[in-house]
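Report on the structure given below.
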Amino acid sequence: REEPFTISDSPSADADSYFQNLDEAKAFDLRVNQVRSRLRQTTNQKTKLRSNLLKDLETHGDPETHKKIGDLLLANIATAVRDGQTVRITDFYSADAPVIGVEVDENISLQDAAAQRFRQYTKAKRAKEEISQRLKRLEEEILGLEQREQQLEQIAQERNLDELENFDQVSKTAAPRRNQQK
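First residue of the sequence shown: 59, per this note's numbering; consecutive thereafter.
Printed below as a string of structure tokens:
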């Protein structure tokens, strides 16, 4: 804690006291900035991970769409019309049963294309479940880090060295370990 500057009978003692208080204030501010920097770095890492997980989720696509296309490919085996990489099939899931175009490698059968879609469905469904769980945990961690930043700002405002030391010790012991489950 910062001691109030008091005036004594000795100008030298006053100068010593002043500069000692100044050094202590600088050391406190430096420590706060170091802790703040670590917190922000961790928060930024978690935020970047959240962004990457959302991109991964998007990359896998909608599981139900994969399943629907696989079902439609099988249902249209006899009536499908191939035109290069595009296969025109009837969408029996829609009320007016329109003909839709689906991209399919021209070197594979419709059965194999349907099997690929079902594998994509399984993979996308599993990814959606796993990524959703990870995102939920990540959101909780980010919220906790933001609350810790607010606590740090309160400690800095009060200039409470004891609380800063306790806060810093908790931050160091609670630091995330690298190479955890991804």
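Note that the Cβ used here is the ideal one computed from N, Cα and C, for glycine as well.
For the alpha helix (DSSP H) that R184 lies in, which residues bound it at each end?
-> Start and end: L168 to E216.
Cα-Cα, which of R175, V162, D72 and K126 is closest to Q143?
-> Closest by alpha carbon: V162.
Quick one: what's got a C-beta closer than 8 Å to L97's C-beta in the same chain, skipping five residues either side?
-> Cβ contact annotation for L97 (same chain, cutoff 8 Å, sequence separation greater than five): L203, R206, E207, L210 and S229, in chain order.
Could you check if V145 is buried or exposed, using at least 16 other CB atoms within 10 Å of its CB as the buried criterion?
-> Burial call: buried.
Rounded distance between the beta-carbons of D226 and R94, thought under 8 Å = That pair is no contact at about 11 Å.
Measure the C-alpha to C-alpha separation of L166 and R195 and round it to an integer number of angstroms.
-> A small correction: the amino acid at residue 166 is Ile; Leu does not occupy that position in the sequence shown. In a straight line, the C-alpha of I166 is about 41 Å away from that of R195.
Is it true that the segment 104-114 meets the segment 184-201, where meeting means three or more beta-carbon pairs spaced less than 8 Å apart?
-> Enough Cβ pairs lie closer than 8 Å, so yes.
Taking the C-alpha atoms as reference points, what is the distance between R235 and Q215?
-> Its pLDDT being 49, under 50, R235 is placed unreliably in this model, and the value from its coordinates should be taken loosely. Between R235 and Q215, the C-alpha separation is close to 30 Å.
For I135, I'd like the list of residues in its chain whose CB is within less than 8 Å of its CB, leaving aside the five on either flank, ordered along the chain.
-> L168 and Q169.
Nearest to T148 (by Cα), restricted to the options E164, R184 and L130 = Comparing Cα positions, the closest option is L130.
Beta-carbon separation of L115 and A172 under 8 Å?
-> No, the Cβ-Cβ distance between L115 and A172 is not below 8 Å.
Counting along the chain, where does the beta strand (DSSP E) carrying F148 start and finish?
-> Note that residue 148 corresponds to Thr in the displayed sequence, not to Phe. Segment T144 to T148, the beta strand (DSSP E) holding T148.
Could you please give me the residues that DSSP links to G159 through a beta bridge?
-> G159 pairs with R146.
Backbone secondary structure at D154 - three-state DSSP = In this structure, D154 counts as coil in the three-state DSSP scheme.
So what does DSSP say about D67, is it helix, strand or coil?
-> In the structure shown, the three-state DSSP call for D67 is coil.
Since D129 is in the alpha helix (DSSP H), which residue starts that stretch and which ends it?
-> Counting along the chain, the alpha helix (DSSP H) containing D129 begins and ends at P121 to A133.
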